[in-house]
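Protein sequences, first through last, are from chains A and B. Mapped onto this note's numbering, the consecutive letters of the first sequence carry residue numbers 4 to 277. Mapped onto this note's numbering, the consecutive letters of the second sequence carry residue numbers 634 to 939. Note that the Cβ used here is the ideal one computed from N, Cα and C, for glycine as well. Shown next, in structure tokens, is the structure this report addresses.
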Amino acid sequence: MNKRKSFYSLEKEAKEIRSQALKMIINATASHVASSFSIVELLVYLYEKVLKINPLKPLDPNRDRFILSKGWGISALYSVLQRRGFFKKELLDEYCNDGSKMIGIATKNGIPGIEATTGSMGHGLPIGVGMAKALKLQKKKSRVFVIISDGECDEGSTWEAILIAGHHKLDNLVVIIDYNKWQSFGRVKDVLNLEPLVAKWKAFNWEVQEINGHNFKEISKAFNFILRRKGKPQVVIAHTTKGKGLSAIEDKNQWHYQTPRAYEIEVAHKEGLL
Amino acid sequence: MKAIFIDTLRQMMREHTDMIVITADMGFSVHEDIQKEFPKRFINTGVTEQASMSIAAGFALSGYKVFFYAQAAFASMRCYEQIRLDVAYNNVDVKIIGSNAGFALNQMGISHFSLEDIGIMRLLPTMTIFSPGDPIEMEWALKQSYKVKGPVYLRYSKLGDEAIHKNSRDFKIGQPICLNRGSDGALFASGGILHMAKNIIHQLKQDNIHIALYSVPTIKPCKIKIILSEAKKTGNIFTLEEHSVLGALGTIVAETIAESRIKTNFVRFGVPDLFTSITGSIDYLLKYNGLSAKKITSRISKIVKR
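Structure (structure tokens):
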């Protein structure tokens, strides 16, 4: 693990990650800027403080596994991976270019640090369950971390996996829900309400924490708790804001799809992202 | 087929410590001994085919060779997208065993019939597909499934309990196996319905029609050279399978012939492109779909004599 960084420096890093992801998305006229922005603090904290990983040995059998089940948040993950030294900065410039492996949804195609191909909803968690169970069988102490979206909590396969992980007491499995309250076509509560979400996970035999997913103090507290716990799989319900960090796109669902244009770019300049 | 499957799988579990068996709550009277002998490497994930297939991929990505068992209809169709994305795309060692394929669960109707499974599996680029025709082919295919790198789909029905081969010494992946030579035509059969093909050949012989018989236990890859040379030599090619005429052996042979310059007669014997909404014995359901030795014999005879 890295040396301890103050929350201030983590916040600074989060801003730089947003800036990097925004540049990639604008350059490629790509989508999913808001989905990437809602998980930045979670990714930064995981990669700086929690995950036992070695960027020089991305396939080390003893590594912790991280799966971005909401694979469309990839521009943030690429930026974090690059910063941690998994690959060269030039690769980021290839994002969504012709012939590039830097695809707009997490794809296991040889890019170091990408553990699973996701994007089809409800895949990342059950893959993580398989990995966690395999690690137990191999008597390894590594953990599996999976970030899922709130929209993915609609999928049957997600709940199948939640039931299985609870039954098998996979205490080396940690799920973080990016609960930004938006899914593809509208507000979660209007499309398919997930509440009471804490009670649902508890009923499936998971240990649940609820945090503000942009607050490093709360994130840090949650993971410190998790790393000491045994006997149950762990879920962190992270309340987030879609598009967090750029006021022009915050909490507006259209930025799941659209590329920031003149006005948003102007605001991004004012807010120090560009 | 079931007996040899159980014995072989258990023997393989003893030999290979990197083998895992996952079942989505299926295999009553199949897996009990394996569960007892290997409590850690046998996992019943419950009735969760979709998550189970992704879990199988998670195990395989962690270095295990996973044998996933369920009835063919559910092992293939219920979790097809998981097979495509998590298993086939990653080219990992998940070996999907689809039992009770075809009309095996004859009394249970459409939900339990599996007549499309090979067709959809064949569309996946990394997939190897086995459809063994007798217990010898089954043992061979199961052992090959472990050896082949990447995903496998192995399906079997309730037909094919009678041993047709003496041994598997000359079997090769992708190679149709010649069981009978003949100069008037060639019949390619896949799966347990092979015994019906054998009857057909025998009956035609009484009528002085000599048809070559090939068993095709590997549907993918499938070496087409022998199909072409038989087409060229005899001008009469037939296929027989307990699967829709669309997508599996019949389609492979059709494609092969269509892309060659060879002129030949060609008939696919399989389940027509229709749902079967009745019940009955397996034999009855096959007959209902035009698959009886008598009917096929007379059809082949007419074509050859034409």
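- Approximately 6 Å separates the beta-carbon atoms of leucine 827 of chain B and aspartate 767 of chain B; this is inside 8 Å, confirming the contact.
- DSSP, reduced to helix, strand and coil, places arginine 68 of chain A within a strand of the structure shown.
- With fewer than 16 other Cβ atoms from the protein chains shown falling within 10 Å of its own Cβ, glycine 189 of chain A counts as exposed.
- The Cβ-Cβ distance between isoleucine 844 of chain B and isoleucine 762 of chain B does not fall below 8 Å.
- For the alpha helix (DSSP H) assignment, the uninterrupted runs of no fewer than 4 residues enclosed by the segment 675-744 of chain B are, from N- to C-terminal side, 682-694.
- Annotation: lysine 799 of chain B to isoleucine 769 of chain B spans about 8 Å, alpha carbon to alpha carbon.
- Here threonine 897 of chain B is not near isoleucine 929 of chain B, since their CB atoms are 8 Å or more apart.
- In this structure, DSSP gives serine 9 of chain A a state outside helix and strand, which the three-state scheme calls coil.
- In the DSSP assignment, glycine 169 of chain A falls within the unbroken alpha helix (DSSP H) covering 159-170.
- Taking 8 Å as the threshold, the shortest C-beta distance from alanine 109 of chain A to chain B does not fall below it.
- Put simply, the CB of lysine 73 of chain A is far from chain B, with every gap to its CB atoms at 8 Å or more.
- Between tyrosine 697 of chain B and chain A, the shortest Cβ-Cβ separation is below 8 Å.
- Arginine 264 of chain A counts as exposed, since fewer than 16 other beta carbons sit within 10 angstroms of its beta carbon.
- At a beta-carbon threshold of 8 Å, the residues of chain B lying near lysine 136 of chain A are Ile676, Ile688, Gly691 and Phe692, ordered along the chain.
- Here DSSP, grouped into helix, strand and coil, assigns cysteine 855 of chain B to coil.
- In the structure shown, the three-state DSSP call for phenylalanine 899 of chain B is strand.
- Distance from alanine 734 of chain B to isoleucine 130 of chain A at the Cβ level is roughly 27 Å; contact not present, criterion being Cβ atoms closer than 8 Å.
- Look at leucine 59 of chain A here: in three-state DSSP terms it is coil, with no helix or strand label.
- Apart from sequence neighbours up to five positions away, no residue of its chain approaches glycine 102 of chain A with a beta-carbon distance below 6 Å.
- Neighbours of valine 132 of chain A in chain B, taken as residues at a C-beta separation under 8 Å, are given in chain order as Ala684, Ser687, Ile688 and Gly691.
- The closest CA to that of isoleucine 42 of chain A, considering only A:Met27, A:Ile20, A:Lys192 and A:Gly159, is found on A:Ile20.
- The three-state reading of DSSP puts valine 937 of chain B in helix, counting H, G and I together.
- Histidine 126 of chain A has a beta carbon lying within less than 8 Å of a beta carbon in chain B.
- Just so you know, the alpha carbons of isoleucine 655 of chain B and serine 152 of chain A end up roughly 27 Å apart.
- In the assembly as shown, tyrosine 182 of chain A is a buried residue. Its beta-carbon has 16 or more other beta-carbons within 10 Å.
- Any Cβ of chain A closer than 8 Å to the Cβ of lysine 673 of chain B would place that residue at the interface, and such an atom is present.
- Between the alpha carbons of methionine 659 of chain B and phenylalanine 700 of chain B lies a gap of roughly 13 Å.
- Interface criterion met: the Cβ of tyrosine 722 of chain B is under 8 Å from a Cβ in chain A.
- The three-state secondary structure of phenylalanine 871 of chain B, taken from DSSP, is strand.
- Pairing glycine 815 of chain B with threonine 867 of chain B, the inter-Cα distance amounts to about 9 Å.
- Distance from the CA of aspartate 174 of chain A to the CA of alanine 774 of chain B, rounded to the nearest whole angstrom, comes to 38 Å.
- A:Ile165 is the residue among A:Ile165, A:Ile222 and A:Asn218 whose C-alpha sits nearest the C-alpha of lysine 205 of chain A.
- A distance of 8 Å or more separates the beta carbons of isoleucine 810 of chain B and serine 764 of chain B.
- Asparagine 922 of chain B is not a Cβ neighbour of valine 900 of chain B, given a cutoff of 8 Å.
- When DSSP states are grouped into helix, strand and coil, leucine 200 of chain A belongs to the helix group.
- Of all residues in the segment 166-182 of chain A, those with a C-beta nearer than 8 Å to a C-beta of chain B are Leu166, Ile167 and His170, reading in chain order.
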